[in-house]
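Visitor: Residue numbers for the sequence shown, in the working numbering: 75 to 189.
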Amino acid sequence: MSATKSKIAIEYLQTVKLSIDEIASYQTSQGNDPLKIINTVLDEFEEKVKVFPLSCPISPDLAALGIIKYRECNTLNGYRIIYTYNEPANMISVYVLLSQRQNVQELLFKKLIMG
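So, in structure tokens, the structure goes:
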């Protein structure tokens, strides 16, 4: 499949905004600049998926649960972004940003139980 010709829209859902807040809190507690880190991650993600939105693999953690509609973009600085691509609408929906060390299944359980 070739790269898409029309412009791809990217929407960041409320769930990703919450995960960004969690990352920002953690990075601040470590003495890091969270804005710089998050912007770098999101810039890398957008550069990859705007050219070829299906280039990232199906999330292996979610596929293990039988959920195969979500893709996972791993970034160079240790983060991953879970997203879907709606080809007819040419729209990427971003659901969560998390550390590569975080377990997606635990995160789902935590969100389900704790809200």
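Even for Gly, the Cβ is constructed at its ideal location relative to N, Cα and C. Every value quoted in this text rests on a predicted model; they were computed, and no experiment measured them.
Does DSSP put THR158 in a helix, in a strand, or in coil?
Guide: Here the question's residue 158 lines up with position 84 in the sequence shown. THR158: strand per DSSP, three-state reduction.
Visitor: Can you tell me which of LEU172, LYS143, ILE84 puts its alpha carbon nearest to the alpha carbon of ASN151?
Guide: Walking along the sequence shown from the start, residue 151 turns up at place 77. Here the closest residue by C-alpha is LEU172.
Visitor: Kindly identify the DSSP beta-bridge partner or partners of GLU118.
Guide: Walking along the sequence shown from the start, residue 118 turns up at place 44. Answer is none; GLU118 lacks a bridge partner.
Visitor: Give me the DSSP bridge partner(s) of LEU172.
Guide: Reading the sequence shown from its first residue, position 98 is the one you call residue 172. DSSP, once it has assigned bridges, lists ARG154 as partnering LEU172.
Visitor: Consult DSSP for ILE94 and reduce its assignment to one of helix, strand or coil.
Guide: As a position in the sequence shown, residue 94 is number 20, starting the count at 1. Of the three classes helix, strand and coil, the one that applies to ILE94 here is helix, per DSSP.
Visitor: Going straight from the alpha carbon of TYR144 to that of MET165, what length do you get?
Guide: Along the sequence shown, read from residue 1 onward, the residue named residue 144 stands at position 70. Along the sequence shown, read from residue 1 onward, the residue named residue 165 stands at position 91. Computed Cα separation, rounded: 13 angstroms.
Visitor: Per the DSSP calculation, ASN209 is bridged to which residue(s)?
Guide: The displayed coordinates of the chain run from 75 to 189. Any statement about residue 209 would go beyond what the structure contains.
Visitor: Which partner residues does ILE84 have in the DSSP bridge list?
Guide: For the purposes of this step, residue 84 is taken as the residue at position 10 of the sequence shown. Paired residues: ILE166.
Visitor: Tell me whether ILE142 sits in a helix, a strand or coil according to DSSP, three-state version.
Guide: Position 68 of the sequence shown, counted from the first residue, corresponds to residue 142. Reduced to three states, the DSSP call for ILE142 is coil.
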